[in-house]
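So the sequences go chain by chain: A and B. Quick note, in our numbering, the first sequence goes up one by one and the last residue is 236. Quick note, in our numbering, the second sequence goes up one by one and the last residue is 575. From the three backbone atoms N, C-alpha and C, an ideal C-beta is built for every residue, glycine too. All values derive from a computational prediction rather than experimental measurement. Heads up, the thing below is written out as structure tokens.
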Amino acid sequence: MLEVIDLHVNYGGITALRGINLTIEENQIVTLIGANGAGKSSTLRAIMGLVAKSNGKVLYKGEDFTNLPTKDIVARGIAMVPEGRRVFADLTVEENLILGAYTRSDQKAIANDIKSVYDTFPRLKERSWQKAGTLSGGEQQMLAVGRALMVNPKILMMDEPSLGLAPLLVKDIFDIINILRERGNTILLVEQNARKALEIADYAYVLETGQLVLEGPGKTLLEDQRVQEAYLGVAR
Amino acid sequence: MREKSKTHVTLIILVLTILGLFLANRYLDAYKIRIINLSGIYVTLGLSMNLINGMTGMFSLGHAGFMAIGAYTVGILTMPVSMKQMNFFMQPIVPFLANVEWGFLPALLAAGLIAALFGVLIGAPVLRLTDDYLAIATLGFAEIIRVVFTNTQSLTNGALGLKGIPNYTNTWWSWGVALVTMWFISFLMKGTYGKAFLAIREDEVAARAMGINLFKHKVMSFSFGCFFAGVAGGLMAALLGTIDPNMFRITLTFNILLIVVLGGLGKIGGTVIAAVVVTVMMEALRFLDESIDLGLVQIKGIPGMRMVVFSIILIFVVIVREKGFLKRTKGRELTYVKN
């Protein structure tokens, strides 16, 4: 469904990605794990067109996305939940959701989708008139996910959704990801919480200093000795 | 239901404004009428700057420059042909403007459009900057305009300025434009564009990730703001009758910024009230600039003392009520978490 071929990204003189190849199949959860600075977030940003690619290609259902501006990528159904939530703090919950549907013009369907986001996250409905900045961290993360769902995405890319959340809330977030899969969403998940991410993932990639070092089904990687030592804290 | 009562409020405000202006014109002297005119113009200026700075979150300090463009456009276009010959005695005016004499409305529209055009031209490269850098760039632009106007003798009459601009501005014009600005900006902010402006103000990265075209919206908001700044500059020119490049210094921009900050960034109602209050206080506090006789002691007048009062108010507002005077704290917003 989404194919990333030989992706390179440079920030000034610093190389963040040196040739990444990814494939995401429909209705899968694919996860990218790796340490800080391995290039996980850069991969997502490059796919979204938020940072410039110095080399490589992004194909979506055969269409070349490489040089498309972000707004057109979003309009074709790829949504991102940005790292650190980044909700619009001074706008209400509902306004945040409406902005999520910015690239769409079908008012009826948008209203329906707001309802379905509220069904998925009843907490957001309770707080629909509250300013997003007044929500708790977990609620803000729900809002960030809900806002991305308003794009009506075929692929949802989540950047560190569990970052900075209490352990109980982290569990909530992963429950949400499961719900989204059942709804038929395709998800590209970037996570530092490697164990949780691998448990949930259909397929996983391990990034190290801008390169892929390992890939395979989530369960297989959980068993892999190198992954266990480097990311899961299992002593040999 | 809510929409309906809002329409009623709008209508009531409209009727009260018209009634107030009517009574003012009938019973007040020329000095007070002039303050009312200035208030109306400052409402337009405050709102236009709030659109750029408060609602879209671009820290621009170029307002005086865009006002200058508007003021000179109206001045040159409306001035009678004979008056032009008298004004331009150092160097004759460029031929294609020598015999132009427009009505006030087309001249005002031209003022707004030319200012907006410059807004697009300046905005396209400059709006890629953010925060302080944008402020410096726009400030620089306003100064460049002033210096250019001082030196284009055959177009603007240079440092001599323009005298004898017909006094078209009356309370109906100044407040009419203010009401149109109010209506336009609240209409804009209700729609999709307004939402996008707010999103850009809140978080540019997230706004981009939602598929909002940052550049387009920034330039749009900026040039709309410039349009109204140009129109207000034109009103100012036709109110004062005399303009020169030195009127459009950075202090003018700061007066407007004062209104925007006092009224609250992104707030329309607050800006309107702040504009009126600041304009009236600027006049009412004039006694501070003059000598004060307290019987035993005599305090010598210090020109500019009244601005100190505004500075103190501004410091107070920034520290205590960063969101402007009118900020109401709703019961349900107990905490303010910012990431």
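- One thing to note: Val-58(A) has its Cβ no nearer than 8 Å to the Cβ of Val-9(A).
- Residue state for Lys-131(A) is assigned as strand, using DSSP reduced to three classes.
- Residues of chain B with a Cβ closer than 7 Å to the Cβ of Pro-82(A) are, in chain order, Val-441, Ala-442 and Ala-445.
- In the three-state reduction of the DSSP assignment, Asn-449(B) falls in the coil class.
- DSSP places Gly-505(B) within a helical segment (H, G or I) once states are collapsed to three.
- In this structure the stretch 540-553 of chain B lies against the stretch 483-503 of chain B, because at least three pairs of beta carbons, one per stretch, are closer than 8 Å.
- The Cβ of Ile-504(B) sits no closer than 8 Å to any Cβ of chain A.
- Cα atoms of Leu-232(A) and Gly-210(A): separation of roughly 20 Å, rounded to the nearest angstrom.
- For Ala-474(B), none of the residues of chain A pass the 8 Å Cβ criterion, the least Cβ distance being about 38 Å.
- Legend: CB atoms of the stretch 95-124 of chain A lying less than 8 Å from CB atoms of chain B belong to residues Glu-95, Ile-98, Leu-99, Gly-100, Tyr-102 and Thr-103.
- Separation of Phe-121(A) and Gly-146(A) (C-alpha to C-alpha, rounded to the nearest whole angstrom) is 8 Å.
- Taken through DSSP and simplified to helix, strand or coil, Arg-364(B) comes out as coil.
- Within the same chain, Phe-433, Ile-436, Arg-437, Lys-454 and Ser-457 come within 7 Å of Thr-292(B) by CB-CB distance, once the 5 residues on both sides are set aside.
- For Val-416(B), the enclosing alpha helix (DSSP H) begins and ends at 407-426.
- Within the stretch 126-155 of chain A, those residues whose Cβ lies closer than 9 Å to any Cβ of chain B are, in chain order, Arg-127, Trp-129, Gln-130, Lys-131, Ala-132, Gly-133, Thr-134, Leu-135, Ser-136, Gly-137, Gln-140, Ala-144, Arg-147, Ala-148, Met-150 and Val-151.
- Taken through DSSP and simplified to helix, strand or coil, Glu-160(A) comes out as coil.
- In the same chain as Gly-39(A), and ignoring 5 residues on each side of it, the C-beta atoms closer than 7 Å to its own belong to Ala-16, Leu-17, Leu-207 and Gly-210, in chain order.
- A distance below 7 Å between beta-carbons, with the five flanking residues on each side excluded, links Ile-288(B) to the following residues of its chain, in chain order: Met-294, Ser-296, Ser-457, Phe-458 and Gly-461.
- Counting other Cβ atoms within 10 Å of its Cβ, Gln-225(A) stays below 16 and is therefore classed as exposed.
- Arg-522(B) and Gly-540(B) have their C-alpha atoms spaced approximately 9 Å apart.
- Apart from the 5 residues on each side of it in sequence, Gly-49(A) sits with its Cβ closer than 7 Å to the Cβ of Leu-68, Pro-69, Thr-70 and Ile-73 in its chain, given in chain order.
- In the pairwise beta carbon analysis, the stretch 440-448 of chain B is classified as not touching the stretch 275-290 of chain B: fewer than three pairs are separated by under 8 Å.
- By DSSP's assignment, Met-80(A) forms a beta bridge with Met-157(A).
- Across the set Asn-491(B), Ile-479(B), Leu-532(B) and Phe-552(B), the C-alpha of Asn-491(B) shows the shortest separation from the C-alpha of Leu-283(B).
- Chain B places a beta carbon closer than 8 Å to that of Met-48(A), counting this residue as a contact.
- Residues of the same chain with a CB within less than 7 Å of the CB of Ala-473(B), apart from the 5 flanking positions on each side, are Ala-307, Val-310, Gly-311, Ile-401 and Ile-479 in chain order.
- Residues are counted here when their Cβ sits less than 8 Å from a Cβ of chain A; for the stretch 412-432 of chain B these are Thr-428, Lys-431 and Ala-432, given in chain order.
- Listed as beta-bridge partners of Arg-86(A) by DSSP are no residues whatsoever.
- Chain order gives the chain B residues near Thr-70(A) as Arg-444, Ala-445 and Gly-447, where near means a beta carbon separation below 8 Å.
- Counted as a single uninterrupted DSSP element, the beta strand (DSSP E) harbouring Gln-211(A) occupies residues 211-216.
- For Thr-23(A), the closest C-alpha among the options Ile-47(A), Ser-128(A) and Gly-12(A) is that of Ile-47(A).
- When Thr-405(B), Met-446(B) and Gln-389(B) are compared, the shortest CA-CA separation from Leu-398(B) is found for Gln-389(B).
- Given a length threshold of 3 residues, each whole run of the beta strand (DSSP E) inside the stretch 171-224 of chain A is given here in chain order: 186-191, 203-208 and 211-216.
- DSSP places Val-4(A) in the uninterrupted beta strand (DSSP E) bounded by 2-11.
- Of all C-beta pairs linking the stretch 184-195 of chain A to the stretch 24-39 of chain A, three or more are shorter than 8 Å, placing the two stretches in contact.
- In this structure, the beta-carbon distance from Leu-165(A) to Gln-141(A) falls below 8 Å.
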